[in-house]
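Below: one structure, written as structure tokens.
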Amino acid sequence: MKDAQHLLRVIIIFVAALVGFLLVRSFLVPESFGKLGHYRANAVDDVLALPRHYAGEPACKKCHAQQASDKAKSSHRHMSCESCHGALQAHVDSPKTVKPSKPKENEMRAFCGNCHGKSLSRPAKFPQVDLEEHNRGMACNQCHQPHQPK
Amino acid sequence: MDMSLIESLRNALPLVSGFIYPNELELQWSILIVLYPYITGLVAGAFVLASLERVFNVKAIKPIYRLSLLVALAFLLVATLPLNLHLGHPERGISILMTPHTSSAMAMFGFVYLWYLMVVLLMEVWLDYRKQIVEWSRSETFWPKRIFYKVLTLGVDNISPRSLAIDEKLGKILTVVGLPSALLLHGYVGFIFGSLKANPWWSSPLMPIIFIFSAMASGIAAVMLIYMFLCWARDVVIDMPCLDTIGKFLLTAIIVAFSLEMLESLQTAYEAEEHFDIITLLVEGKLLVSMMLIQIMLGSLTPMFLLGLTQVVELPEKVRKVFYMLSGSLALIGIFAMRWNVVIGGQFFSKSLRGFTTYKMHLVGREGLFSAIIVELLPLVILAVLLYLLPPWEKESHSKSPTTAA
């Protein structure tokens, strides 16, 4: 036993290291870790506390019932208002001061073309038009109502 | 969108070809992730070389036993650095050990790494040096060094034959345990890539095995070159039987690694699954230089030819030394190229299998070329310190002939 004393010390060091590790760990593991899953439960509150950018369609409905009900009947019904109008929480908070932008008349073809311009990479079934040919020179909303295109 | 981002996209776009998904434009795993398997490979290879002496009783390589251990240790200490530097928040890297998830391959690597560092390598070095450490702690005149040795003795200066015999036995057990640990360590790196099923260039059960054998080749080559350099620097005669034996093992490792790689390529080519077209384009295009020329021609075939010559033809010592030096260096370059081709190559092509992105290495910055060079040189600095503190040649100096001081 006397000749293995140095090994005993090694074992002591390893045990001390292990205890040290557990000690450090108890400080470094965040408070609410593991409560809900393999993450910090408080992160949920932290995320909730972040400033919001998108308000969501139910918020728009309260003041723009007409557009909402138009859209609900149309082929655009699955699209959120903010996918065309941009993030608008600020507008919801103060509708008078923050005015959302609408696509201008001369930008309309490019705007609708973002989704409807002909492209091989889109699913073939998705409604697409050749922007060069489909009623060239006219804004799309002269014939299609954006909230009720068809 | 942020203007500077648009600006950088504008530069990148002409270098992209075919159809890729938007999130594939920027290649995420940079040169640092190339270094990670490269450095761990050097560790595993050096350790395997050391264990040849201890476990398999290859007496000829005794002169480099301790050196190999120190090389393994020096590189191991740096092995996780490239991973940490790659993180946007390096200080959070520790979380992987604090709150590990069993489904995270990387988190488990942290424990494999710790096991190997603490239980295998440090213990083995310490047991092997313990006698000297005790002697040095008595005889060293430079006081900081003496205190360092004193600490390392752990306050026990018993070097009775019986205690040394215990050390010897334990050391042997540790090497036997260490060998699978070293293979596990590096096989694990291969496993991390091999288990990425989304990427046909990586996803292969052969990956860990290929990584292990190329690791052996790189580690053996590195120790060989370092040994030759140290002999030259210290003005000591190279132990030719030792060098010849290392050369033989290097040849074996390169042959096995290369054959496995070729077998895998053959299989990919013969199966010709839906990803085969893009891989052909990749190998014939973006990887032509780094794979065909550097990895295969220069890094594998040339050293195989040179080392093969030393086996079949009786060559004078001088020529053999030059051959060893050449093939060692080429093997190291070739294996670096192999890691590059795996890591960077695997990110070149799109998941659509219809297009390529590009990689533009930064010069400065956290993930730039300079940090890669520093990460690569750091182990050599650490090795120099280790050699100063724990000179591996003390033991053999009387038995061998360290002749001719210049």
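Heads up: the sequence lines are chains W and B, in that order.
Per my numbering, the first sequence runs over residues 1 to 150.
Per my numbering, the second sequence runs over residues 151 to 556.
Built from N, CA and C at the ideal position, the CB exists for glycine as well.
When rounded, the separation of the alpha-carbon atoms in F14 (chain W) and M454 (chain B) is 44 Å. The beta-bridge partner set that DSSP reports for S167 (chain B) consists of B:F506. Close partners of G305 (chain B) in chain W (Cβ separation under 8 Å): R9.
Between I396 (chain B) and I211 (chain B), the gap from beta carbon to beta carbon is short of 8 Å.
S310 (chain B) belongs to the set of residues whose beta carbon lies under 8 Å from a beta carbon in chain W. Cα atoms of K322 (chain B) and L304 (chain B): separation of roughly 21 Å, rounded to the nearest angstrom.
For F126 (chain W), no chain B residue has a C-beta closer than 8 Å to its own C-beta; the minimum C-beta separation is roughly 17 Å. Only buried fits M366 (chain B), as 16 or more other CB atoms lie within 10 angstroms of its CB. Neighbours of I323 (chain B) in chain W, taken as residues whose beta carbon is under 8 Å from its own, are absent, since the nearest beta carbon is some 12 Å off. Against H38 (chain W), the close residues of chain B are H251, in the order they occur along the chain (beta-carbon pairs closer than 7 Å). For R516 (chain B), there is no enclosing alpha helix (DSSP H), as DSSP marks it with neither H nor E.
When Cβ pairs closer than 8 Å are counted between the two stretches, the segment 385 to 392 of chain B is seen not to touch the segment 225 to 243 of chain B, the count staying below three. Bridge pairing for R40 (chain W): W:F33 [DSSP].
Closest in alpha carbon position to P30 (chain W), among B:Q178, B:I246 and B:V198, is B:I246.
Excluding sequence positions up to five before and after H53 (chain W), its CB lies within less than 6 Å of the CB of A87 and Q89, all in the same chain and listed in chain order. Bridge partners of G117 (chain W) according to DSSP: W:V129. In the DSSP assignment, M475 (chain B) falls within the alpha helix (DSSP H) that extends over E467 to V493. Taking 8 Å as the CB threshold, F361 (chain B) stays off the interface with chain W.
Around the beta carbon of P311 (chain B), a 10 Å sphere encloses fewer than 16 other beta carbons of the protein chains shown; the residue is thus reported as exposed. Exposed is the label assigned to T97 (chain W), since fewer than 16 other Cβ atoms lie within 10 Å of its Cβ.
Of all C-beta pairs linking the segment 419 to 427 of chain B to the segment 449 to 469 of chain B, fewer than three are shorter than 8 Å, placing the two stretches out of contact.
Cβ proximity to chain B below 7 Å picks out R25, L28, V29, F33 and H38 from the segment 13 to 45 of chain W. With a cutoff of 8 Å on beta-carbon distance, H147 (chain W) and K71 (chain W) are scored as near each other. DSSP, reduced to helix, strand and coil, places Q148 (chain W) within a strand of the structure shown. F499 (chain B) sits in a strand when the DSSP states are folded into three classes. Between F486 (chain B) and Y188 (chain B) the beta-carbon gap is near 6 Å, inside 8 Å, which marks them as a contact.
A direct Cα-Cα distance of roughly 31 Å separates H38 (chain W) from P330 (chain B).
Within the segment 166 to 182 of chain B, those residues whose Cβ lies closer than 8 Å to any Cβ of chain W are, in chain order, F169. In this structure, DSSP gives L175 (chain B) a state outside helix and strand, which the three-state scheme calls coil. Within the segment 176 to 209 of chain B, the complete alpha helix (DSSP H) segments at least 4 residues long are 181 to 204, listed from N- to C-terminus.
Between G344 (chain B) and P358 (chain B), the gap from beta carbon to beta carbon is short of 8 Å.
In the same chain as A315 (chain B), and ignoring 5 residues on each side of it, no C-beta atom comes closer than 6 Å to its own.
Taking each of B:V326, B:L527, B:P466 and B:L437 in turn and checking the Cα distance to N207 (chain B), the smallest one comes out for B:V326.
When rounded, the separation of the alpha-carbon atoms in V270 (chain B) and R9 (chain W) is 17 Å. By the neighbour-count criterion, in which a residue is buried when 16 or more other Cβ atoms sit within 10 angstroms of its Cβ, K436 (chain B) is buried.
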